[in-house]
Amino acid sequence: MKKAAFKLAGKVCELYTPDGDGREAELIFIQAVDDHDAEGFPAMLEIMNQQIEQPFVFADFYVGDWNADLTPWDAPPVFGKEGFGHGAADTLAFVSEMFIPEVRARAKLSETTPIVVGGYSLAGLFALWSVYQTDAFAAVMAASPSVWFPGWRDYSDAHAPKVPAIYLSLGDKEEKTRNQVMAQVGDNIRHQYDVLKQNASVESCTLAWHPGNHFKDPEKRCAAGYIWCAKALTK
29 MKKAAFKLAG KVCELYTPDG DGREAELIFI QAVDDHDAEG FPAMLEIMNQ QIEQPFVFAD
89 FYVGDWNADL TPWDAPPVFG KEGFGHGAAD TLAFVSEMFI PEVRARAKLS ETTPIVVGGY
149 SLAGLFALWS VYQTDAFAAV MAASPSVWFP GWRDYSDAHA PKVPAIYLSL GDKEEKTRNQ
209 VMAQVGDNIR HQYDVLKQNA SVESCTLAWH PGNHFKDPEK RCAAGYIWCA KALTK
């Protein structure tokens, strides 16, 4: 895929487009990232290109303060001394009002090209939260999302997502931690999956389990999620 980097509202952004057989992209994948995520993109995109039939573009933007820019409300520290902020609303506004229009323009795509919002860890939580705020997305890919985040379970129980296809995944060792808050991730994601299955507006939903802890093979986990979303949108 061809890669182009650009800046938008002070954020570093990247756009990957097909090398090209002339076909217009039929899907847009977007993700909030950090440097560690980006290191795995070549492997992730290779897997995606091998298994996603329709042409697609992938766009990402770098997040400055992971603990502040991706979480929807303030929360005390869970690990270390740094707490969480409430910057998710501003980040979603950037995505909706600036990033998506810019990606569509650069890739020469129409406003009807479906968008899959994805993320890993706190970016996975941000992606999940986003589809409870807007119907702008066709699917969400939440790989190892931080559903242990204080207040998230109550919030997701009380609200309905505005997206028809939802992919959840978790490593099978992630809940085996001494941190009592983060250890809730397994029960919380099982619970959320059960709730989503009962929601009539959710047409497709799955919960995938991967071997290992939170840091094992994130690029493979994300690729698997995006592949599932692409297939769900062609049913």
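Counting from 1 along the sequence shown, just add 28 to a position and that's the residue number in my numbering.
Each residue gets a CB set at the ideal place from its N, CA and C atoms; glycine is no exception.
From a predicted model like this one, the values you see are computed outputs, not experimental measurements.
Mind checking residue 183: buried by the 16 CB within 10 Å criterion, or exposed?
What you label residue 183 is simply residue 155 of the sequence shown in a count that begins at 1. Exposed, because fewer than 16 other Cβ atoms sit within 10 Å of the Cβ of residue 183.
If distances are taken between C-alpha atoms only, which option among 155, 62, 110, 69 comes closest to residue 166?
Taking the first residue of the sequence shown as 1, we reach residue 166 at position 138. Comparing Cα-Cα distances from residue 166 to each of 155, 62, 110, 69, the minimum goes to 155.
Tell me which residue opens and which closes the alpha helix (DSSP H) that residue 122 is part of.
Looking up residue 122 in the sequence shown gives position 94. Looking at the DSSP string, the run of the alpha helix (DSSP H) that includes residue 122 is 116 to 122.
Using DSSP bridges, identify the partner residues of residue 41.
Locating residue 41 in the sequence shown gives position 13, where the first residue counts as 1. Bridge partners of residue 41: 34, 89.
Short of 7 Å in beta carbon distance, which residues of its chain neighbour residue 188, apart from the five on each side in sequence? Order them along the chain.
Against the sequence shown, residue 188 aligns to sequence position 160. The residues are 227, 229.
Leaving out the 5 sequence neighbours to the left and right, which residues in its chain are closer than 8 Å to residue 200 when beta-carbon positions are compared?
Residue 200 sits at position 172 when you count from the first residue of the sequence shown. Excluding sequence neighbours, residue 200 sits near 237, 238, 239, 240.
In angstroms with no decimal places, state the Cα-to-Cα distance between residue 178 and residue 127.
Along the sequence shown, one-based indexing puts residue 178 at 150. Along the sequence shown, one-based indexing puts residue 127 at 99. Distance between the alpha carbons of residue 178 and residue 127: 28 Å.
What is the residue span of the alpha helix (DSSP H) that residue 220 lies within?
The residue you call residue 220 lines up with position 192 of the sequence shown. Counting along the chain, the alpha helix (DSSP H) containing residue 220 begins and ends at 213 to 225.
Going by DSSP, what residues sit across from residue 57 in a beta bridge?
Numbered from 1 along the sequence shown, position 29 holds the residue referred to as residue 57. Residue 57 pairs with 86, 144.
With DSSP as the reference, identify every bridge partner of residue 112, one or two as the case may be.
Numbered from its first residue, the sequence shown carries residue 112 at position 84. Answer is 103, bridged to residue 112.
Could you check what DSSP says for residue 235 in three-state terms: helix, strand or coil?
Locating residue 235 in the sequence shown gives position 207, where the first residue counts as 1. The answer is strand: DSSP assigns residue 235 an E or B state.
Buried or exposed: where does residue 59 fall if 16 or more other Cβ atoms within 10 Å of its Cβ makes it buried?
Within the sequence shown, residue 59 is the residue found at index 31, counting from 1. Counting Cβ neighbours within 10 Å, residue 59 comes out buried, since at least 16 surround it.
Sort 121, 169, 104 by Cα distance to residue 191 and report the nearest one.
As a first step, residue 191 is located in the sequence shown; it is residue number 163 there, counting from the start. Of the listed residues, the one whose Cα sits closest to residue 191 is 169.
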